[in-house]
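Peer 1:
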Amino acid sequence: MTTRTQSVTAQPRERLYLQLYIATTLAIFVLMMLAGVVMRAVQGTYIHMSPDWFYQIMTLHGAGMVGIAGLAGVSIMWYFLRRYVSLTPGLFLANLILFIIGVVMILGAILLGKFGGGWTFLYPLPAKSMGLWSHNAAAAYVGGLLVIGIGFLLFYLDVARALLAKYGSLGRALGVNQLISGRIDTDHPPTVVASTMVLIVNTIGTLAGAVILVLTLVNLYYPTMQIDALWAKNLIYFFGHVFINATIYMAVIAVYELLPKYTGRPWKVTRPFLAAWSASTLMVIIVYPHHLLMDMVMPDWMLVLGQVISYLSGIPVLLVTTYGALVQIHHAKVRWDTPAKFLILAVFGWAAGVVPAIIDGTIVVNQVMHNTLWVPGHFHFYLLLGMLPMVLGFLFHISRHENETTKDRSVGMGFWIFMVSALLFIFMFLYSGVMSVPRRWAEHLAAWIPYDQWAALFGLVVLLSMLFFTVKLLARLTHIRLEA
Amino acid sequence: MTDNFRQAMFVMLVPVIIISHHWLETSMTSHMAVQLPLLVFVGALFAGLLQTYSPRLVVFGQRYRISLLLYSLFTISLWMLPRLLDAALYQSSIAFLKWLSLPLAGISLVLCWRHLPFVLRGILHLELLATLLRLGWLYLIAPQRYCVSYGINDQQQLGHVLLGYAAVYGLFLASSVLLGGRRAN
Ligand code: HEM
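Respectively, the protein sequence lines represent chains A and B. In the working numbering, each residue carries its 1-based index in the first sequence increased by 35. In the working numbering, each residue carries its 1-based index in the second sequence increased by 35.
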């Protein structure tokens, strides 16, 4: 039924916007990685830095990475979705402009205003800095997040408009009607299914964010307006969890669209595929209580829900994607070019990273592992080795020459160096977690410092390989094609 | 909504609002969460009727959509201030303004609505939802009362009601986009 509606001839304006997105994405990824390496180096005593600067850098790295992962995800979703429905270029650009304004506000809050309350701005910390930062600094940070949220909302509403215009309802775009009727339209694009899911969950998440951010602002200037801390935490983690999850669900579109180009097999929707995406739409929304397993005042049923859904939440989409990727490459004549390698690495990183996540989502384990470096261990696994390789695979693909056959050997080498160093870097986080090293500590005990030092070295190699990819990609920026 | 239904609603609601005004103004909850929205709603119904009888109004709505939107947003936001509720009880000029400005806000909103782009309408829907949640929450936690005429219990009750409205409104929005019906363009 679904045919490509939009002309795929390159439009210079849209291409320019995409190039701006890509340049911003690459620059921020590299800078935030530098911040990450600096943190590991500080913990490893390679560099000396006052703890308040450490927490400022930690806030910068967290907010910057989450934000840029979102922006990169949007560029992938936009790139492919515009082939099926007609999106408004101006709103794609508006999102980037608001993002940059928000980033400037956040940078000001952190670097000038010394805000170091963590990217999660957990209530009541922004208002209780004990003199380290002013209310204005906290407000600039919170305001920056709000501005970024508005940008994303504009983009998602445009996606909603386009999907409703074509499919009539989001349920139909998600394929729910096909599940109910049992008649599966194998031509229904996986990109449309994934985009609809992201649109639904992120709009709800942004709404929760818009409420708690404004209440945090009110509390900053009217401290007598005291928010219930548990409600605040629920809303913040709901918003944060949904947003960072959605980055992967946007980026995975690159796997669905591009892997077939290297294997020669189309990626068709199936009944399990549609069922998985529908199920995950609901579960991503209700799984967030696994961040609150230590809050004994939470209702028990919510914590149990958090644990049970943690086992189920990511699994459906992950399974259909991993299975789909295996079907793609099994006995196929795969062209193992750089993009294909990154995409397969991404599926591995995502799948493998979910294992430590699920372990930690278990209440009895969480009582021990909560707030240890195990936690950054699992999320760096699926962000650094899952989300980021999806973005890199996408970028290397769309910037290749039309008939490129020669393989760039240096990028091929870079791929292996990136993969091995990132794995080692992540294992140091996980191992430190097993050794009960707490997360978010500027200073570590002497016994932990060797882990930090190894991690700093591995992190440095990851940073250098990313820098190398960035230089390569920026040099190819002019080759980018909208119909690649 | 058919025109007949609109007419019937309008004819019924106007006397109901006028007759019940003393009673609705005895509590902050019914004043803010029932009377004010009803005034806007009556205006909206009226505009719907006007549009069918005078198609030129559609052109008017198209031409002045931004001014109409700004007027209605400004007026509705202004009436969210508890201070004005008090004033409307004690100053007849403010009371008069309430009875005039809110139905006008409803009229302007309906006149401009269909000429607004989908994305802007979406933002307005979501912002209204967020505002209900934020205000509801703030009224629940505010340590002092903001209207001299009403007690703090009343203010907190209003908070609960606004959160309830948000829940219903959220479900309505979710079901209309998930299940669909009308197409966006
Ligand atoms: C070279 C690559 C990277 C390095 C060296 C690095 C390093 C770090 C370090 C040292 C921390 C703080 C750990 C602690 O709690 O003590 C951290 C936290 C974090 N990182 Fe990374 N990271 C890297 C890549 C990424 C990527 C690619 C993402 C996401 C796309 C990411 C997202 C985060 C987040 C969300 C936090 C949590 C911050 C917080 O606890 O407030 N990082 N990272």
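The C-beta atom is built at its ideal place from N, Cα and C for all residues, glycine as well.
Which value, in whole angstroms, describes the spacing of the CA atoms of S445 (chain A) and L95 (chain A)?
Peer 2: The straight-line gap from Cα to Cα measures roughly 31 angstroms.
Peer 1: Could you tell me which chain B residues have their CB closer than 9 angstroms to the CB of I262 (chain A), listed as they occur along the chain?
Peer 2: Near I262 (chain A) (Cβ distances below 9 angstroms), the residues of chain B are W172, I176.
Peer 1: Just to confirm, does V72 (chain A) get its C-beta within under 6 angstroms of one of the non-hydrogen atoms of ligand 1?
Peer 2: Yes; taking the cut-off as 6 angstroms, the Cβ of V72 (chain A) has a heavy atom of ligand 1 nearer than that.
Peer 1: Which bits of chain A does V196 (chain B) rub up against, with CB to CB less than 9 angstroms?
Peer 2: Under the 9 angstroms cutoff, chain A gives no residues; its nearest Cβ is about 17 angstroms from V196 (chain B).
Peer 1: Check distances from the C-beta atoms of the stretch 294 to 323 of chain A to those of chain B and list, in chain order, the residues that come in under 7 angstroms.
Peer 2: Per Cβ criterion, the list is empty.
Peer 1: If you measure beta-carbon to beta-carbon, which residues of the stretch 129 to 158 of chain B are closer than 7 angstroms to chain D?
Peer 2: The chain inventory of the structure shown lacks chain D, comprising the protein chains A and B.
Peer 1: Need the endpoints of the alpha helix (DSSP H) that D38 (chain B) sits in, please.
Peer 2: Taken as a continuous stretch (DSSP letters only), the alpha helix (DSSP H) holding D38 (chain B) covers 38 to 54.
Peer 1: If you measure from the CB of W154 (chain A), is any heavy atom of ligand 1 nearer than 6 angstroms?
Peer 2: The answer is yes for W154 (chain A).
Peer 1: Among the candidates A:L465, A:A519, A:P485, A:K268, whose CA atom is the shortest distance from the CA of P159 (chain A)?
Peer 2: For P159 (chain A), the nearest C-alpha among the options comes from A:K268.
Peer 1: Can you tell me whether E437 (chain A) is buried or exposed? The criterion is at least 16 other CB atoms within 10 Å of its CB, across all chains shown.
Peer 2: Exposed: under 16 other Cβ atoms inside 10 Å.
Peer 1: Compare the C-alpha of L328 (chain A) against each of A:T316, A:A314, A:V343, A:V319 and name the closest.
Peer 2: For the residues A:T316, A:A314, A:V343, A:V319, the minimum Cα distance to L328 (chain A) belongs to A:V343.
Peer 1: Taking Cβ to Cβ, would you say V531 (chain A) is nearer than 7 angstroms to I393 (chain A)?
Peer 2: There is simply no residue 531 (chain A) to check, as chain A begins at 36 and stops at 519 in what is shown.
Peer 1: Nearest-angstrom Cα distance between F156 (chain A) and M425 (chain A)?
Peer 2: Whole-angstrom Cα-Cα distance: 28 angstroms.
Peer 1: From T110 (chain B) to L159 (chain B), what does the alpha carbon distance come to, in whole angstroms?
Peer 2: The alpha-carbon atoms of T110 (chain B) and L159 (chain B) are separated by roughly 15 angstroms.
Peer 1: Spell out whether any CB of chain B is found under 7 angstroms from the CB atom of S230 (chain A).
Peer 2: Closer than 7 angstroms: no.
Peer 1: Check whether the Cβ atoms of F115 (chain A) and E292 (chain A) sit closer than 7 angstroms, and answer yes or no.
Peer 2: Contact flag set, yes.
Peer 1: I want to check one thing, is the minimum distance from the CB of G449 (chain A) to the heavy atoms of ligand 1 below 6 angstroms?
Peer 2: For ligand 1, not one heavy atom lies less than 6 angstroms from the Cβ of G449 (chain A).
Peer 1: Which residues in the same chain have their Cβ closer than 6 angstroms to the Cβ of G240 (chain A), if we skip the five residues on either side of it in sequence?
Peer 2: Counting only Cβ-Cβ distances below 6 angstroms, and skipping sequence neighbours, we find F274, V277, F278.
Peer 1: May I ask which residues mark the beginning and end of the alpha helix (DSSP H) holding A144 (chain A)?
Peer 2: No alpha helix (DSSP H) holds A144 (chain A); DSSP gives it neither H nor E.
Peer 1: Grab the span of the alpha helix (DSSP H) containing K201 (chain A) for me, first residue to last.
Peer 2: It spans 170 to 202 - the alpha helix (DSSP H) in which K201 (chain A) sits, taken as one unbroken run.
Peer 1: Which residues in chain A sit within 8 angstroms of V212 (chain B), going by Cβ to Cβ distance?
Peer 2: By Cβ distance, chain A contributes A195, L199, S204, L205.
Peer 1: Would you mind working out which of B:L146, B:M63, B:W148 sits nearest V183 (chain B), comparing C-alpha positions?
Peer 2: Residue B:M63 is the option with its Cα nearest to V183 (chain B).
Peer 1: Using a threshold of 7 angstroms, state whether the C-beta atoms of G148 (chain A) and G244 (chain A) are closer than that.
Peer 2: Against a cut-off of 7 angstroms, the Cβ pair of G244 (chain A) and G148 (chain A) comes out as no contact.
Peer 1: For chain A, check one thing: does any of its Cβ atoms lie closer than 7 angstroms to the Cβ of G215 (chain B)?
Peer 2: Chain A contact via Cβ: present.
Peer 1: To be precise: take each residue of the stretch 147 to 162 of chain A, compare its Cβ to all Cβ atoms of chain B, and keep it if any distance is under 7 angstroms. Which residues remain?
Peer 2: For the stretch 147 to 162 of chain A, which is checked against every Cβ of chain B, not one residue is closer than 7 angstroms.
Peer 1: Less than 6 angstroms between C-beta atoms, sequence neighbours within five positions excluded: which residues of the same chain meet that for A176 (chain A)?
Peer 2: Note that residue 176 (chain A) corresponds to Tyr in the displayed sequence, not to Ala. Here the set comprises I141, A144, F150.
Peer 1: For R169 (chain B), which residues in chain A fall below 7 angstroms Cβ to Cβ?
Peer 2: Here the neighbours are V246, V249, L250.
Peer 1: Please find out if some non-hydrogen atom of ligand 1 comes closer than 6 angstroms to the beta-carbon of A310 (chain A).
Peer 2: It does not: the Cβ of A310 (chain A) is nowhere closer than 6 angstroms to a heavy atom of ligand 1.
Peer 1: Rounded C-beta distance between L294 (chain A) and A360 (chain A)? I'm assuming under 8 angstroms.
Peer 2: That belief holds up - the Cβ atoms of L294 (chain A) and A360 (chain A) are roughly 6 angstroms apart, short of 8 angstroms.
Peer 1: For V403 (chain A) versus R474 (chain A), is the C-beta distance shorter than 7 angstroms?
Peer 2: Going by C-beta atoms, V403 (chain A) is not nearer than 7 angstroms to R474 (chain A).
Peer 1: Considering only DSSP beta bridges, list what P473 (chain A) is partnered with.
Peer 2: DSSP output for P473 (chain A) lists A:T407 as bridge partner(s).
Peer 1: For a test of your reading of the model: does the CB of A195 (chain A) fall under 6 angstroms from any non-hydrogen atom of ligand 1? Yes or no.
Peer 2: No; taking the cut-off as 6 angstroms, the Cβ of A195 (chain A) has no heavy atom of ligand 1 nearer than that.
Peer 1: Can you determine whether any heavy atom of ligand 1 sits closer than 6 angstroms to the C-beta of V32 (chain A), and answer yes or no?
Peer 2: Here chain A covers residues 36 to 519 and nothing more, so residue 32 (chain A) does not appear.
Peer 1: For the pair the stretch 464 to 473 of chain A and the stretch 412 to 432 of chain A, tell me if three or more CB-CB distances fall below 8 angstroms.
Peer 2: Touching, yes.
Peer 1: A201 (chain B): which of B:P152, B:L167, B:Y125 sits nearest, CA to CA?
Peer 2: When only C-alpha atoms are compared, the closest one is B:L167.
Peer 1: Within the present structure, is the beta-carbon of G79 (chain A) separated from the nearest heavy atom of ligand 1 by less than 6 angstroms?
Peer 2: No, since every heavy atom of ligand 1 falls outside the 6 angstroms radius drawn around the Cβ of G79 (chain A).
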